[in-house]
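Mapping the sequence shown onto numbering that gives the first Met the number 0, position 250 (from 1) lands on 249, and the numbers just tick up by one.
Heads up, the beta-carbon is just placed ideally off N, CA and C, and yes, glycines get one too.
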Amino acid sequence: MNATIEAQELFAQLHDRLGLRWLAGQHGAQRTLEAVETIARRPSLAGYLNIIYPNKVQILGTEELAWLDGLDSRLRWETIERIVQYRPLALVISKDQPCPEDLREAAEEAQTPLWSSPNRGHELLNLLQYHLARVLAPRITLHGVFMEIYSIGVLITGESGSGKSELALELITRGHRLVADDAPEFTQIAPDVLDGTCPELLQDLLELRGLGVLNIREMFGDTAVKRNKYLRLIVHLSRPNADPLAGDGDGMVRLTGDLGIRRVLDLDVPLITLPVMPGRNLAVLAEAATRTHVLRTKGLDPAAAFLARHSQFLERGAP
0 MNATIEAQEL FAQLHDRLGL RWLAGQHGAQ RTLEAVETIA RRPSLAGYLN
50 IIYPNKVQIL GTEELAWLDG LDSRLRWETI ERIVQYRPLA LVISKDQPCP
100 EDLREAAEEA QTPLWSSPNR GHELLNLLQY HLARVLAPRI TLHGVFMEIY
150 SIGVLITGES GSGKSELALE LITRGHRLVA DDAPEFTQIA PDVLDGTCPE
200 LLQDLLELRG LGVLNIREMF GDTAVKRNKY LRLIVHLSRP NADPLAGDGD
250 GMVRLTGDLG IRRVLDLDVP LITLPVMPGR NLAVLAEAAT RTHVLRTKGL
300 DPAAAFLARH SQFLERGAP
């Protein structure tokens, strides 16, 4: 389901920051803007008044109002009617300029939200475009614990009871930070960026079997939690095959690690699988996995270096 936002929601979210005032069209408060996935059909989210290719939020600055004032009465009314007939999410007048009465009447009749702001046009444009792009961006909720480990956003996943929350608590005691437990939300805010946040209901909380719900901020302080982080790595906790005849698995995995890719929205996120076994220090392993991921992003691959060294050794012959 595509993300949506109503006019009244946008007004409430930006009211204080932009000093918005609602001038007319209050009956259109529930007018909805929906994200459009097809680029060819995607309208501009916000922009200066455009009659040919209307924006979803139309900004009327000094020049736009002056242009309207320069039209004769018949053409002016036809133009104003066309503006509201396109059913924009809202019209915004910049710099708290006086609102033309005919524009106010047309907006009221068409139930088109008409707002005013003391900000200049380019300020409105930049903030509206940024805010709407984030609100309407593709998003998904994943099961796991989202952490910041060595300044890297790491999602810890695994089956129920695999020890995700216990691992997260151990990492927090080692100085790393919690972003979200159980149901982190990820938003694709750029072609190659997934921004992870915590639902308001779950903020600062971590649930562990036997202990119940813990408030991490109150227990460990403000530095133990983080509001958001970009997702760069997934660490998956997996119970190994219990069959004693199964062996140790692929020898190449022993060299390179159990690496993979998980598709999240439109991005491929690196995945490292850690076997869960009694006595293993998963916190140390998660830290090592994160450090190794950072090295790989810099082009340093210990396994590849070892294989190259091994090949050179075989070519020279054993001493």
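Any idea if Gln311 is buried or exposed, counting beta-carbon neighbours within 10 angstroms, 16 or more meaning buried? Taking the first residue of the sequence shown as position 1, residue 311 is located at position 312. Counting Cβ neighbours within 10 Å, Gln311 comes out exposed, since fewer than 16 surround it.
Whole-angstrom C-beta distance between Leu9 and Ala65, which should lie under 8 Å: Numbered from 1 along the sequence shown, position 66 holds the residue referred to as residue 65. Numbered from 1 along the sequence shown, position 10 holds the residue referred to as residue 9. Not quite, the Cβ-Cβ distance comes to about 27 Å (not below 8 Å), so this is no contact.
Beta carbon of Ile148 nearer than 8 Å to that of Glu286: Along the sequence shown, read from residue 1 onward, the residue named residue 148 stands at position 149. Along the sequence shown, read from residue 1 onward, the residue named residue 286 stands at position 287. Yes, they are a contact pair.
Can you tell me whether Ile139 is buried or exposed, with buried defined as 16 or more other CB within 10 angstroms of its CB? Counting from one through the sequence shown, the residue named residue 139 turns up at place 140. Its Cβ having fewer than 16 others within 10 Å, Ile139 is exposed.
Contact between the stretch 167 to 184 and the stretch 193 to 205 (3+ Cβ pairs under 8 Å): Enough Cβ pairs lie closer than 8 Å, so yes.
Here's the rule: buried if 16 or more other CB atoms are within 10 angstroms of the residue's CB, otherwise exposed. What is Val192? Counted from its first residue, the sequence shown places residue 192 at position 193. Exposed, by the Cβ-count rule.
Within the chosen definition, does the stretch 100 to 119 reach the stretch 194 to 202 through at least 3 CB pairs nearer than 8 Å? No, because fewer than three Cβ pairs between the stretch 100 to 119 and the stretch 194 to 202 fall closer than 8 Å, the two stretches do not touch.
With a threshold of 16 other CB atoms inside 10 Å of the CB of Asp242, please say whether the residue is buried or exposed. Against the sequence shown, residue 242 aligns to sequence position 243. Only weak support is given to the placement of Asp242: the predicted model assigns it a pLDDT of 49, under 50, and the question is left unresolved by the model.
Cα-Cα separation between Arg103 and Pro190, rounded to whole angstroms: Start at 1 with the first residue of the sequence shown, and residue 103 comes out as number 104. Start at 1 with the first residue of the sequence shown, and residue 190 comes out as number 191. If I take the Cα positions, the gap works out to 39 Å.
Can you tell me whether Gly259 is helix, strand or coil according to DSSP? For the purposes of this step, residue 259 is taken as the residue at position 260 of the sequence shown. Gly259 falls in the strand class under three-state DSSP.
Helix, strand or coil, according to DSSP, for Asn227 in the structure here? Within the sequence shown, numbered from 1, the residue matching residue 227 stands at position 228. Looking at Asn227 - three-state DSSP - the assignment turns out to be strand.
With a threshold of 16 other CB atoms inside 10 Å of the CB of Ala150, please say whether the residue is buried or exposed. For this step, residue 150 is matched to residue 151 along the sequence shown. Per the sequence shown, residue 150 should be read as Ser rather than Ala. Per the 10 Å Cβ criterion, exposed.
Taking DSSP as the reference, what is the three-state secondary structure of Arg73? The residue labelled residue 73 in the question sits at position 74 within the sequence shown. Arg73 sits in a helix when the DSSP states are folded into three classes.
By the 10 Å Cβ neighbour count, where 16 or more other Cβ atoms means buried, how is Asn54 classified, buried or exposed? Counting from one through the sequence shown, the residue named residue 54 turns up at place 55. Per the 10 Å Cβ criterion, buried.
Report the CB separation of Pro57 from Gln29 in whole angstroms; it is logged as a contact under 8 Å. Along the sequence shown, one-based indexing puts residue 57 at 58. Along the sequence shown, one-based indexing puts residue 29 at 30. Looking at the sequence itself, residue 57 is Gln, so the reference to Pro does not match. Not really, about 19 Å apart at Cβ, beyond 8 Å.
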